[in-house]
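A.B. asks: I'd like to ask some things about the structure below.
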C-alpha cells in the first residue's frame, strides 16, 4: 500500500493506483470550471484536462496520467 | 543501423515497434501514459502479445514536455496515437458522476473501486457492451446499457456477424445477462440520476457515456500529414502523405496490430498481411455504419448546455457561428487546455464543422518548459 494525502487527509491506496482514482474514492469534485462548476474526470486518458489537481505544489497536473507515489500531497479546487 | 521512432504504446505502437526491430531497426517507443498497452490493455498486455515487448526496444513511458531535453530523432516515424471517445453534450453531462464509457473503465482499471455501484452506460458502439461486461465483472450493478442505434440496424448487424463466428461468440459472452436496449439515449443527467429516452429517470452512481471513437490526429496533422474525414490518409504500407512518416491503429485491436506490423516490417514481410488488414478494415467500416449517430442526438443540447467544458461555452453561444474559427474568436470555444479535443468532435456532429487547425505544443505545457534552461 502507498500512503498519500488528499487535501490534508491521509489515504492508503494499492500500488498502481492513479491519483485520479484515489481522489474519486474520497470526493466527486476535482476542480472548479471557469464559471465555478464542480468538475471531475471525463475521458480517463489524459485528453479532457478535467481531472487537473495540484500535485506536490505543482498546479494543473493531470491526475489520471499520474500514479500515486509515497508521501504525495494532492490538493483539489473542488 | 536505421532508426525508427514509434509514438504511442497501444496495440498498434507495440506491434509496430516489434516489427521494426525484426526489420533490423534501432527502435524507440514513446508514450505519455504511465504504462504500455494503450487504453485497451493499460499495462495488462495479453500473453499472446508478450513477444511485442522485445528487450531491444527502448521504451519511454510517462513522457511529458521538458525544457532542454534531447529531442529524439529517427530515420522514420510511426505514429500510433490511437483514438479517444466522442462525447455529445446533453444537459447535465458536465456533472462529476458523468464520465466517458472508456473513461470509467480506465478509472476502474487504475484503482477506482466500483463494486456495488449502480452504473448506466449509454451512447453507441460495441465499446458500451465491453465496458458493461468489464464493470459487472468488477462487481458493479450495470443497471442499463442504452444504445442509440435503432433496433433494426443492430439486428441486421448481428445477423451479419454469422460470417464472423468468433466475434458473434465474443459479443454473446459479453452481453449475456446484461440489460441492453437499442433506440435509447441520454436526455439529461441530474445529481444521482440520468434520464434515458424510453426508460425514464434512472437513479445511479455513475453515468458512463460515449458516442463512438475519433482518431487522435493532432500529431499527424501538425506534421503535415493529409487527413480526410477524420482519418489519416495512408497507402497500403501505412505510409502517410509525408515521407518517412507512417500511421497505424485507431481501429479494432485486430486491425491495429496488423497495421502496426505492416508499418514496422519491411515490404516483403508486410505485404502478406494486407488481405487480413483489409478484411479487418471492412469489418470496422460495417461497425461504423451500424452504429452511426441518429439525427435526434443533434438536439440533445439546449441553448444553456455547455459544449466547451474548458471555457464553459454554452451551445446557444456557438450554434449560430459561421464556422469553428469564428466560434473560437467570438466565444473562446475550443481555446482551453484540451484545445478542442472534446468539443471539436461534438461540434463536428452538431454543427457539421470539420476539425480546426493544430498548433504546437501538442499538449499545454508550462512556459518555463519551453524556455531554454541552458544558461
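Residue numbers (this note's numbering), protein chains in the order written: chain A, 116 to 193; chain B, -2 to 372. By construction, the Cβ of each residue, glycine as well, lies at the ideal position given by its N, Cα and C atoms.
With distances taken from CA atoms, which of B/208, B/252, B/108 is nearest residue 132 of chain B?
C.D. replies: If we check each option's Cα against that of residue 132 of chain B, B/108 comes out closest.
A.B. asks: Check whether chain A comes within 8 Å of residue 81 of chain B, counting only Cβ atoms and requiring the distance to be less than that.
C.D. replies: Taking Cβ atoms only, chain A reaches closer than 8 Å to residue 81 of chain B, which makes this a yes.
A.B. asks: Identify, in the order they occur along the chain, each residue of the same chain with its Cβ nearer than 8 Å to the Cβ of residue 49 of chain B, setting aside the five sequence neighbours on each side.
C.D. replies: Within the same chain, residue 49 of chain B has close Cβ partners 11, 12, 14, 15, 42.
A.B. asks: So what does DSSP say about residue 38 of chain B, is it helix, strand or coil?
C.D. replies: Helix, per DSSP.
A.B. asks: Please confirm if residue 65 of chain B has its CB atom under 8 Å from at least one CB of chain A.
C.D. replies: Any answer about residue 65 of chain B is weak, because its pLDDT of 47 lies below 50 and its placement is not dependable; what the coordinates show is given next. So, not an interface residue.
A.B. asks: Taking 8 Å as the CB-CB limit, is residue 334 of chain B close to chain A?
C.D. replies: Judged by the 8 Å Cβ criterion, residue 334 of chain B is in contact with chain A.
A.B. asks: Please confirm whether residue 191 of chain A has its beta-carbon closer than 8 Å to some beta-carbon of chain B.
C.D. replies: So, not an interface residue.
A.B. asks: Interface residues of chain A around residue 28 of chain B at Cβ under 9 Å?
C.D. replies: Those within 9 Å of residue 28 of chain B in chain A number zero; the least Cβ separation is about 10 Å.
A.B. asks: Report yes if the C-beta distance between residue 5 of chain B and residue 112 of chain B is below 8 Å; otherwise report no.
C.D. replies: Contact flag unset, no.
A.B. asks: Residue 244 of chain B by DSSP, collapsed to three states: which one?
C.D. replies: Here residue 244 of chain B sits in strand by DSSP.
A.B. asks: Between which two residues does the beta strand (DSSP E) carrying residue 292 of chain B extend?
C.D. replies: Looking at the DSSP string, residue 292 of chain B is not in any beta strand (DSSP E), and its letter there is neither H nor E.
A.B. asks: Within the continuous beta strand (DSSP E) that includes residue 118 of chain A, where are the two ends?
C.D. replies: 117 to 121 is the span of the beta strand (DSSP E), which, as asked, contains residue 118 of chain A.
A.B. asks: Please report the distance separating the alpha-carbon of residue 155 of chain A from that of residue 189 of chain B.
C.D. replies: For residue 155 of chain A and residue 189 of chain B, the distance between alpha carbons rounds to 15 Å.
A.B. asks: At a Cβ cut of 7 Å, what residues of the stretch 120 to 131 of chain A count as close to chain B, listed as they run along the chain?
C.D. replies: Flagged, chain order: 128, 129, 131.
A.B. asks: For residue 210 of chain B, does the three-state DSSP call read helix, strand or coil?
C.D. replies: Looking at residue 210 of chain B - three-state DSSP - the assignment turns out to be strand.
A.B. asks: Looking at chain A, is there any beta carbon in it that lies within less than 8 Å of the beta carbon of residue 307 of chain B?
C.D. replies: Yes, contact with chain A.
A.B. asks: Would you list, in sequence order, the uninterrupted beta strand (DSSP E) runs of no fewer than 3 residues that lie entirely inside the stretch 128 to 152 of chain B?
C.D. replies: For the stretch 128 to 152 of chain B, whole beta strand (DSSP E) runs of length 3 or above, ordered along the chain, are 138 to 144.
A.B. asks: Any Cβ of chain B within less than 8 Å of the Cβ of residue 147 of chain A?
C.D. replies: No, residue 147 of chain A does not count as interfacial toward chain B.
A.B. asks: Once the 5 residues before and after residue 180 of chain A are set aside, which same chain residues still bring their CB inside 6 Å of it?
C.D. replies: So the list reads 161, once near-sequence residues are dropped.
A.B. asks: Between which two residues does the alpha helix (DSSP H) holding residue 328 of chain B run?
C.D. replies: First-last of the alpha helix (DSSP H) with residue 328 of chain B: 321 to 328.
A.B. asks: If contact means a Cβ-Cβ distance below 7 Å, which residues of the stretch 35 to 55 of chain B contact chain A?
C.D. replies: Listed by position along the chain: 36.
A.B. asks: In whole angstroms, what is the alpha-carbon distance linking residue 150 of chain A and residue 237 of chain B?
C.D. replies: Going by the C-alpha atoms only, they are around 42 Å apart.
A.B. asks: Pull out every residue of the stretch 311 to 339 of chain B whose Cβ sits closer than 7 Å to any Cβ of chain A, in chain order.
C.D. replies: Listed by position, the residues of the stretch 311 to 339 of chain B near chain A (Cβ gap below 7 Å) are 334, 335, 338, 339.
A.B. asks: Please classify residue 134 of chain B as buried or exposed, where buried requires at least 16 other C-beta atoms within 10 Å of its C-beta.
C.D. replies: Exposed, since its Cβ has fewer than 16 Cβ neighbours within 10 Å.
A.B. asks: What are the start and end residues of each continuous beta strand (DSSP E) run of 3 or more residues lying completely inside the stretch 119 to 157 of chain A, in chain order?
C.D. replies: As far as the stretch 119 to 157 of chain A is concerned, its whole beta strand (DSSP E) runs of at least 3 residues are 124 to 128.
A.B. asks: DSSP has residue 75 of chain B in a bridge; who is on the other side?
C.D. replies: B/3, B/243.
A.B. asks: Determine the chain A residues that contact residue 104 of chain B at a beta-carbon separation under 7 Å, and present them in chain order.
C.D. replies: Near residue 104 of chain B (Cβ distances below 7 Å), the residues of chain A are 135, 136, 139, 156, 159.
A.B. asks: Would you mind giving the Cβ-Cβ distance between residue 261 of chain B and residue 75 of chain B, rounded to the nearest angstrom? I have them listed as a contact below 8 Å.
C.D. replies: Residue 261 of chain B to residue 75 of chain B, Cβ: 7 Å. Contact.
A.B. asks: Could you give the first and the last residue of the continuous alpha helix (DSSP H) run that contains residue 281 of chain B?
C.D. replies: Residue 281 of chain B -> alpha helix (DSSP H) spans 271 to 287.
A.B. asks: I want to see whether chain B comes within less than 8 Å of residue 185 of chain A, judged by CB atoms only; does it?
C.D. replies: No, residue 185 of chain A does not count as interfacial toward chain B.
A.B. asks: Do residue 224 of chain B and residue 214 of chain B have their beta-carbon atoms positioned less than 8 Å apart in this structure?
C.D. replies: In this structure, residue 224 of chain B lies closer than 8 Å to residue 214 of chain B by Cβ.
A.B. asks: Run through chain A and tell me which residues come within less than 8 Å of residue 110 of chain B, C-beta to C-beta.
C.D. replies: Under the 8 Å cutoff, chain A gives 140.
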